[in-house]
Amino acid sequence: MKRVPVEEVEEETRRIKPQGQGEDVLSPTMQVQCDFVDIIHEHFSSNGLVVKCLEFAFKQEHIMDFTRMRALESLFSMIHQGVRNVLQYNQQHPDFPMERDQLERYVPRYLIFCILWAFSGDCKLKTREDLGSFIRSITTIPLPSSSSSSIVDYEVTIQGEWSLWQSRFLRLKWKHTK
Numbered sequence: 094m095k096r097v098p099v100e101e102v103e104e105e106t107r108r109i110k111p112q113g114q115g116e117d118v119l120s121p122t123m124q125v126q127c128d129f130v131d132i133i134h135e136h137f138s139s140n141g142l143v144v145k146c147l148e149f150a151f152k153q154e155h156i157m158d159f160t161r162m163r164a165l166e167s168l169f170s171m172i173h174q175g176v177r178n179v180l181q182y183n184q185q186h187p188d189f190p191m192e193r194d195q196l197e198r199y200v201p202r203y204l205i206f207c208i209l210w211a212f213s214g215d216c217k218l219k220t221r222e223d224l225g226s227f228i229r230s231i232t233t234i235p236l237p238s239s240s241s242s243s244i245v246d247y248e249v250t251i252q253g254e255w256s257l258w259q260s261r262f263l264r265l266k267w268k269h270t271k
């Protein structure tokens, strides 16, 4: 992810030579990707969050045949979407692209979201909740503080905040009359 652009459009502009300088500078897209990797790489160590969660998920009951390779492919696909989310934010806010501190809030939380769904998206709700509890027990990444809701009930906003996904939907009360 540090060498190949997530978006094919960027392929020709991986490195940009500023005028008057001999050294290459990373394009904005590649810089986002490199920053993303720098923030999450520690979680991919042999004793890191990703490996621990993968092994936990491997022992759970899945609706589909669980393979580590497919789970990791799903994880990387979701992580790529996270990069695209940041790139889209930066394109929509050219005067004030995402700052490093916002990226450092968003990326680890988004990784948790990705792990949860990539490793247990094909499981029953109880199993996803169990993975969420396992994650809560082993990570130092800030998680939703609500004790009444599971991590499964949350998504991560581009600002790096946890948000109940149900809050995006309008609730209507119907009064039934005959």
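The opening position of the sequence shown corresponds to residue 94 in our numbering, with each subsequent residue numbered one higher.
Backbone N, C-alpha and C define an ideal beta-carbon position, used for all residues, glycine too.
Small disclaimer: the values here were computed from a predicted structure and weren't measured.
| Check | Outcome |
| --- | --- |
| To which residues of the same chain is Glu222 closer than 7 Å at the C-beta, ignoring the five residues directly before and after it? | Ser243, Val245 |
| Using 8 Å for Cβ pairs, my map puts Val99 next to Val176. What's the rounded Cβ distance? | 5 Å |
| Apply the 10 Å Cβ neighbour rule to Ile125 and answer buried if 16 or more other Cβ atoms are within range, or exposed otherwise. | For clarity, residue 125 is Val in the given sequence; the question names Ile instead. Val125 comes out buried. |
| Output the distance between the C-alpha atoms of Thr220 and Lys268, rounded to the nearest integer angstrom. | 36 Å |
| In terms of residues, what are the limits of the beta strand (DSSP E) holding Ser120? | Ser120 -> no beta strand (DSSP E), and no H or E assigned at all. |
| Which term fits Trp255, buried or exposed, when burial requires 16 or more other beta carbons within 10 angstroms of its beta carbon? | buried |
| Report buried or exposed for Phe151, applying the criterion of at least 16 other Cβ atoms within 10 angstroms of its Cβ. | exposed |
| Excluding the five sequence neighbours on either side, which residues of its own chain have a C-beta within less than 7 Å of the C-beta of His155, listed in chain order? | Asp215, Cys216 |
| Rounded to the nearest angstrom, how far is the Cβ of Cys146 from that of Phe212, given a contact under 8 Å? | 6 Å |
| Would you be able to state if there are at least three C-beta pairs under 8 Å between the stretch 230-238 and the stretch 154-171? | no |
| Looking only at DSSP bridge pairs, what is Trp255 linked to? | Val249 |
| Return helix, strand or coil for Cys216, following the three-state DSSP convention. | coil |
| Quick check: what's the CA-CA separation for Gln184 versus Thr270? | 50 Å |
| Please tell me whether Arg202 and Gly141 are closer than 8 Å, where the distance is taken between their beta carbons. | no |
| According to DSSP, is Phe159 part of a helix, a strand, or is it coil? | coil |
| Secondary structure at Gly175, three-state DSSP: helix, strand or coil? | helix |
| Ile178 to Met171, Cα distance in whole Å? | Reading off the sequence, residue 178 comes out as Asn, not Ile. Each residue's alpha carbon lies about 10 Å from the other. |
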